[in-house]
Amino acid sequence: MTIKTRPLAPQDLDAVVAIDAVLTGRTRRAYFERRLAAALRQPALHLQFAADIDGALAGHALARVLEGEFGRTRPALRLEVISVARAAQGRGVGRALHAALEAAARKRSIGELHTAAPWRDSAMLRFLAGAGYALADDLVLDSALRGNPLLARPESFSSPSRDKTGDPNDWSAPRANDFERLARDIADVRLLSAKDIDDVVRIDHHVTGRDRRAYVQHALDEALRESGVRISLAARMDGVMAGYVMARADLGDFGRTEPVAVIDTLGVAPEYAHRGVGHALLQQLFLNLDALRIERVETVVAVQAIPLLHFFLDTGFAPAQRLAFVKDLP
1 MTIKTRPLAP QDLDAVVAID AVLTGRTRRA YFERRLAAAL RQPALHLQFA ADIDGALAGH
61 ALARVLEGEF GRTRPALRLE VISVARAAQG RGVGRALHAA LEAAARKRSI GELHTAAPWR
121 DSAMLRFLAG AGYALADDLV LDSALRGNPL LARPESFSSP SRDKTGDPND WSAPRANDFE
181 RLARDIADVR LLSAKDIDDV VRIDHHVTGR DRRAYVQHAL DEALRESGVR ISLAARMDGV
241 MAGYVMARAD LGDFGRTEPV AVIDTLGVAP EYAHRGVGHA LLQQLFLNLD ALRIERVETV
301 VAVQAIPLLH FFLDTGFAPA QRLAFVKDLP
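Last residue of the sequence shown: 330 (our numbering), numbering continuous.
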């Protein structure tokens, strides 16, 4: 038996979907169609491999290049899917696919592989351990929209106007009043658009201290074109962009079989910090997701990012039932 690995091709779609459907018990064609189309559109950001035995597809692996999510300072590769046909399991197909990903990553000077898996998925945990992964210094956080404090008790959010009397837009009065405002009322929150690129780059530069226009352009393109649902948002105050959130709602990453919204990037301009912009963005995001019948939101935060971690915990997130893993490539 000879296992041959090669780049995944558009004509592999039906076989990929068929292998996945047997393993997961449902079809996820729309997800794989989007990922294959994204790889054709942005080949520099995607590594996708097939493994053949006797000319037939026996497995596949899909990975995405990470450039700067939440302030990342060096490129990494995120393993999103690795699947082996049931009849070919135990024959080294998964190892061959992962070796192909590693070799391709090294050619691109990528030094880390990242992924996530449910802590109860013993088969995947054994595979990752055998492939040399270790627990990452990241926390996978998630929140069910039902019961989230930004939706369950929107009136409890404190905004500057609630500490003043009279007109809710008059922030000069010294006494408390009866005006109750939703978090999203603090800012004008709308869908993020391609014309917002300069504002997003400006905020990202203020937050990170680096010019990451290339990363922002790729992330914005993915948020607007590759996502299953357009849910990325921008918040404006005083006619100026004060913050943004890039998110995607999809079905398929890391073996998920139910739709989950994933927050990839969140940024608030320093001059608008501590004014409720982040809360406004997330509250509107959660309302949009709830209307789309998406029940859960997920993100990944480095344990060293204490302010960001506190923010997500304050908005109803908690450690998920998934673990983050990393492998260093020598």
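Just so it is clear, CB atoms sit at the ideal spot from N, CA and C, and this is done for glycine as well. Since this is a predicted model, take the numbers as computed values, not measurements.
Same chain, Cβ closer than 8 Å to H205, five either side skipped, listed in chain order: D211 and R212
Beta-carbon proximity check, A187 vs A280, cutoff 8 Å: yes
L338 to G239 span [Cα, whole Å]: Here the chain covers residues 1 to 330 and nothing more, so residue 338 does not appear.
Per-residue burial, K4 [other beta carbons within 10 Å of its own, 16 or more giving buried]: exposed
Nearest-angstrom Cα separation, counted from V140 out to Y272: 27 Å
Residue range of the alpha helix (DSSP H) that includes P149: P149 to A152
Neighbour flag for S122 against chain B, beta carbons, 8 Å: Protein chain content of the structure displayed is limited to a single chain, and chain B is not contained in it.
For D204, the three-state DSSP class (helix, strand or coil): helix
Pairwise C-alpha distance: M124 and A117: 7 Å
Local conformation of S122 per DSSP, three classes: helix
Contact belief for G59 with A88 at Cβ below 8 Å, rounded distance in angstroms: 6 Å
Euclidean distance between Cα positions of A144 and V245: 18 Å
G147 burial status per 10 Å Cβ neighbour count (16 or more: buried): exposed
Proximity of L101 and F49 at Cβ, strictly below 8 Å: yes
Strand pairing of D142, partner residues [DSSP]: E298 and A318
Cβ separation of I110 and L77, assumed to be a contact under 8 Å, to the nearest whole Å: 5 Å
As assigned by DSSP and simplified to three states, the class of G166: Summary for G166: the model assigns pLDDT 37, below 50, so the residue's position carries little reliability; its value from the coordinates is reported in the next sentence. Coil, per DSSP.
Residue(s) in a DSSP beta bridge with F325: T115 and L135
Boundaries (first-last residue) of the beta strand (DSSP E) holding E80: A76 to V84
Pair within 8 Å by beta-carbon distance, H46 and A39: yes
Local Cβ density within 10 Å of H98, reported as buried at 16 or more and exposed below that: buried
One or two residues paired with D52 in a DSSP bridge: K4 and L57
Contacting residues, own chain, Cβ-Cβ under 7 Å from I263 (five flanking each side not counted): V245, A247, V297 and T299
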